[in-house]
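Structure (structure tokens):
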């Protein structure tokens, strides 16, 4: 670690993966969805982060890559960042940024003149080699390197410089960090390798889940997570970290939420429920609790029903009416601050408690159930069904396509296809059982 020279306490804001103006992912397929509010979310989160930095009187802001989401569709994306960067620098707070895989040097064909830091230094660190940005007045040295190309597979950290004695040394790195996730392993390295460099804090980006990979006795090695969730696969509170450094260059950090909307999933076990109204009641109470905790943020919710239940066939056959009821609850109970993104029915029929007889095995109900079980097995190639369904969808009349909406035809979603199989099975089995009664 670095030396123990006495200096004043300092405060640094660590953020990453802002993905400014990231395009909507799937939600805009749904009629009536608050698409514009979601489209603006990343910009508003960036504004709130800068406001937080000013209010908290931080000494420095660092962004560990993926400020952008690739090349801009127009100049407004770049101008949005320039405006916020200038606001920060006008407050006397320097900003240090590295490029990640989404905004690597070769990914960006557009550029705008950027303001310089109060000390005259550039905002972005070099992509050619590791660079150190030393702030003598606050006793902080930032070491980092931007991605030159999107597929940066070399260990960038291996060439980072030695720490500067007596200063607080912060490593700024965009990395997959070997073993950290299933993400592509850009700029791979290990926590042990980072620890061995002797820095006081590692500000990481790329993994969108907040986590500290520190080794016992070593410095924090922290992914701050992304600033704003972009889809239901990025649930919960999002934001940045405030790192407080004492006079002996020891540090602690705390999470600060700056997101303006949150994606949430309600997983509801319906195995003990007897009526659909119980599902609505449970959702209403859950949503009330989540709305209170969200502190005015827009909630975008997916409901997932699971468990073996006597409601199985009814839920599959009446999924759209159920969705409408849940959406009505979201619109009324949350005063317009919640939107139901989707309902996923992953229930099973109740267990029979006994094996089927040879006669039942030969009957139409059991035969259909056997085929459905095969289709839903992990070994079944869903691509075969996707090809068939895509072909059918192309033949649908235009007015029918408009009435069901593109959101109903997500053939590239394996979970949705398996749910479609079960819904179709429930419809067929229900009609056969009605005919038999």
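In this note's numbering, the protein residues as written are 3 to 439.
From the three backbone atoms N, C-alpha and C, an ideal C-beta is built for every residue, glycine too.
According to the DSSP assignment, residue 52 belongs to no beta strand (DSSP E) but to the alpha helix (DSSP H) extending over 43–57.
Apart from sequence neighbours up to five positions away, the residues of its chain that approach residue 197 with a beta-carbon distance below 6 Å are 217, 220, ordered along the chain. Bounds of the beta strand (DSSP E) holding residue 171 are 170–176.
Separation of residue 314 and residue 280 (C-alpha to C-alpha, rounded to the nearest whole angstrom) is 14 Å.
In this structure, DSSP gives residue 325 a helical state, which the three-state scheme calls helix.
When DSSP states are grouped into helix, strand and coil, residue 349 belongs to the strand group. If you ignore the 5 residues before and after residue 269, its C-beta comes within less than 8 Å of the C-beta of 306, 308, all in its own chain and listed in chain order.
Relative to residue 71, the option among 55, 20, 331, 61 whose CA is nearest is 20. Residue 88 and residue 235 have their C-alpha atoms spaced approximately 33 Å apart. Excluding sequence positions up to five before and after residue 210, its CB lies within less than 7 Å of the CB of 19, 227, 228, 236, all in the same chain and listed in chain order. Note that the C-beta distance between residue 145 and residue 163 is below 8 Å. Beta-bridge analysis with DSSP links residue 145 to 134, 173. The C-alpha of residue 322 is placed about 51 Å away from the C-alpha of residue 91. When beta bridges are read from the DSSP output, residue 315 appears opposite no residue. For residue 288, the uninterrupted alpha helix (DSSP H) segment begins and ends at 278–296. With fewer than 16 neighbouring CB atoms inside 10 Å of its own CB, residue 256 falls in the exposed class.
Residue 45 has its alpha-carbon roughly 14 Å from the corresponding atom of residue 37. Shown here for residue 131: same chain residues with a beta carbon closer than 8 Å to its own, the five before and five after excluded, namely 147, 161 in chain order.
DSSP places residue 84 in no beta strand (DSSP E) but in the uninterrupted alpha helix (DSSP H) bounded by 77–92. With respect to residue 336, residue 289 sits close: the two C-beta atoms are nearer than 8 Å. The beta carbon of residue 299 lies closer than 7 Å to those of 261, 262, 263, 264 in the same chain, with the five residues before and after it left out.
Per DSSP, reduced to three states, the secondary structure at residue 258 is strand. Here the alpha carbons of residue 241 and residue 100 stand approximately 18 Å from one another.
Counting along the chain, the unbroken beta strand (DSSP E) around residue 270 starts and ends at 263–271.
In the structure shown, residue 213 falls within a strand segment according to DSSP collapsed to helix, strand and coil. One alpha carbon belongs to residue 14, the other to residue 102, and they sit about 20 Å apart.
With respect to residue 77, residue 127 sits apart: the two C-beta atoms are not nearer than 8 Å.
The beta carbon of residue 311 is closer than 7 Å to those of 272, 273, 275, 349, 352 in its chain, skipping five residues each way along the sequence. Residue 206 and residue 66 do touch by the CB rule: their CB atoms are close to 6 Å apart, below 8 Å. For residue 17, the enclosing beta strand (DSSP E) covers residues 12–17. The distance from the Cβ of residue 258 to that of residue 247 is about 16 Å, inconsistent with a contact at the 8 Å cut-off. Nearest Cα to residue 63 within the set 40, 304, 155, 48: 48. Residues of the same chain with a CB within less than 6 Å of the CB of residue 230, apart from the 5 flanking positions on each side, are 43, 44, 47, 240, 261 in chain order. Rounded to whole angstroms, the Cβ separation of residue 202 and residue 172 is 7 Å, and the two are in contact under 8 Å. Within the model, the alpha-carbon separation for residue 138 versus residue 60 is close to 16 Å. Residue burial is scored here from C-beta neighbours: residue 373 has fewer than 16 other C-beta atoms within 10 angstroms and is therefore classed as exposed.
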